[in-house]
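Mapping the sequence shown onto the working numbering, position 109 (from 1) lands on 109, and the numbers just tick up by one. Glycine included, each C-beta is placed from N, C-alpha and C at the ideal position. Report on the following structure.
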Amino acid sequence: MNFLSKAATVAALLALAACNNADRFGAGGANGLGGPGAMAGAGGVTAGALDPSSPAYFNQTVGDRVLFANDQSTLSDAARSTLAGQARWLNTNPAYTAIIEGHADEKGTREYNLALGERRANAARDFLVSQGVSSARLRTVTYGKERPIEVCSTEACYAQNRRAVTVIASGLTS
1 MNFLSKAATV AALLALAACN NADRFGAGGA NGLGGPGAMA GAGGVTAGAL DPSSPAYFNQ
61 TVGDRVLFAN DQSTLSDAAR STLAGQARWL NTNPAYTAII EGHADEKGTR EYNLALGERR
121 ANAARDFLVS QGVSSARLRT VTYGKERPIE VCSTEACYAQ NRRAVTVIAS GLTS
């Protein structure tokens, strides 16, 4: 190889390495796996998830989503149980706020699904407030059918899209 092709290869490798930027993606990089000590124990649990006050712990241990029956915004027993765990975590970690996203499957019109997603997010928020979480720390948003987990045409797949997701944010609301 001549000097110019070697320099081009080195430049391409450097540019590729820059894509995995810790400042942009965190210590784990774009895939969330890199960095010394990032993996702890069996099963791939990250070190940050071991801190009970971390959002990663919330997502992996408490659970960030609840599912709903078709065309419903009422909470099931499983949803109440998950939300009760979320409320305990939020009450223990008052520095965090939460955004509750309401979602629907692709059946129905855009407008109907936006309204259904809003009812689902509100049902989750109302339950959290009933468990002692300050409403000032909670915000709701509806995405209707606009952000599916899966794009599909089976009932099992549709069921995954009928959900409310609690996204943990830092800082108190104003």
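In this structure, how does DSSP classify residue i when only helix, strand and coil are distinguished?
{"i": "Leu75", "result": "coil"}
{"i": "Thr82", "result": "helix"}
{"i": "Ala169", "result": "strand"}
{"i": "Val133", "result": "coil"}
{"i": "Thr92", "result": "helix"}
{"i": "Arg162", "result": "coil"}
{"i": "Thr154", "result": "coil"}
{"i": "Gly108", "result": "coil"}
{"i": "Arg147", "result": "coil"}
{"i": "Ala124", "result": "helix"}
{"i": "Ala87", "result": "helix"}
{"i": "Ala115", "result": "helix"}
{"i": "Ala56", "result": "helix"}
Please determine, among the options, the residue with the shortest C-alpha to C-alpha distance to residue i.
{"i": "Leu138", "options": "Glu101, Gln160, Tyr112 and Ile149", "result": "Glu101"}
{"i": "Ile149", "options": "Glu111, Leu67 and Ala121", "result": "Leu67"}
{"i": "Val167", "options": "Ser73, Leu50, Arg125 and Ser81", "result": "Arg125"}
{"i": "Tyr96", "options": "Ser135, Ala79 and Ala121", "result": "Ser135"}
{"i": "Gly132", "options": "Asn113, Leu83, Ala164 and Val165", "result": "Leu83"}
{"i": "Ala69", "options": "Asn161, Ser170 and Leu50", "result": "Asn161"}
{"i": "Lys107", "options": "Leu50, Val151 and Asn93", "result": "Val151"}
{"i": "Asn93", "options": "Arg147, Ala164, Glu111 and Phe58", "result": "Phe58"}
{"i": "Asp51", "options": "Arg65, Trp89, Gln72 and Ala78", "result": "Trp89"}
{"i": "Ala159", "options": "Ser53, Arg80 and Asp71", "result": "Asp71"}
{"i": "Glu118", "options": "Ser73, Ser170, Ala169 and Cys157", "result": "Ser73"}
{"i": "Asp105", "options": "Gly144, Ser76, Ser53 and Ser81", "result": "Gly144"}
{"i": "Ser53", "options": "Asn113, Ala115 and Gln86", "result": "Gln86"}
{"i": "Val129", "options": "Ser153, Thr154, Ser76 and Asn91", "result": "Asn91"}
{"i": "Asp77", "options": "Ile99, Asn113 and Phe127", "result": "Phe127"}
Apply the 10 Å Cβ neighbour rule to residue i and answer buried if 16 or more other Cβ atoms are within range, or exposed otherwise.
{"i": "Thr140", "result": "buried"}
{"i": "Arg120", "result": "buried"}
{"i": "Val62", "result": "buried"}
{"i": "Pro55", "result": "buried"}
{"i": "Thr142", "result": "buried"}
{"i": "Ala164", "result": "buried"}
{"i": "Asp64", "result": "buried"}
{"i": "Ala169", "result": "exposed"}
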